[in-house]
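Below is one structure, written out as structure tokens; the observations come after it.
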Amino acid sequence: MKIAITAKGAGLGAWLDPVFEESRQLVLVDEQGRFGSWAADEAASGDPHGVARVGWLIAMGAGALVTGRLTEETRDRLAAAGIMVLSAEGGSVLDLVEAAQHNLLKRLA
Numbered sequence: 001m002k003i004a005i006t007a008k009g010a011g012l013g014a015w016l017d018p019v020f021e022e023s024r025q026l027v028l029v030d031e032q033g034r035f036g037s038w039a040a041d042e043a044a045s046g047d048p049h050g051v052a053r054v055g056w057l058i059a060m061g062a063g064a065l066v067t068g069r070l071t072e073e074t075r076d077r078l079a080a081a082g083i084m085v086l087s088a089e090g091g092s093v094l095d096l097v098e099a100a101q102h103n104l105l106k107r108l109a
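At the far end of the sequence shown sits residue 109, using our numbering, and the numbering has no gaps.
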């Protein structure tokens, strides 16, 4: 399963960016450990409901998202797309992917 993390940077060592709708980057890691990222542009920064971010996750085939918090509307949109939402308070992208793979994170949706 591909796991996405809201992050403050584009790499595996980047730290969690705690608010989905305000996150600077989304980092997506696949089953083989390969990763890619999406950077928020000006249009996305004016998107209080994270529509552009959710669209990227859907297009990339994400199965799970790890974030600190998100709006109920965004959570519902992700659930409708079949993307599981997991909660974390901090950590690096790599650590959070491993925690998600081992079912150590709380499921929000």
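Every residue gets a Cβ at the ideal spot worked out from N, C-alpha and C, and that includes glycine. These numbers come from a predicted model, not from an experiment.
Check your understanding: Based on Cα-Cα distance, which residue from V54, D95 and M60 lies nearest to D76?
Key -> Walking along the sequence shown from the start, residue 76 turns up at place 76. The option with the nearest alpha carbon to D76 is V54.
Review point. According to DSSP, is L28 helix, strand or coil?
Key: In the sequence shown, the residue the question calls residue 28 occupies position 28. L28 falls in the strand class under three-state DSSP.
Review point. With 16 other CB atoms within 10 Å as the buried threshold, where does K106 fall?
Key: The residue you call residue 106 lines up with position 106 of the sequence shown. K106 is exposed by the Cβ-count criterion.
Review point. Beta-carbon separation of A40 and G68 under 8 Å?
Key: Here residue 40 refers to the residue found at position 40 when the sequence shown is read from its first residue. Here residue 68 refers to the residue found at position 68 when the sequence shown is read from its first residue. No, these two residues do not count as a Cβ contact at 8 Å.
Point to revise | Whole-number beta carbon distance between A10 and Q32, since they are thought to touch under 8 Å | key: To locate residue 32, count along the sequence shown from 1; it is residue 32. To locate residue 10, count along the sequence shown from 1; it is residue 10. Contact doesn't hold; Cβ gap of about 18 Å is too wide.
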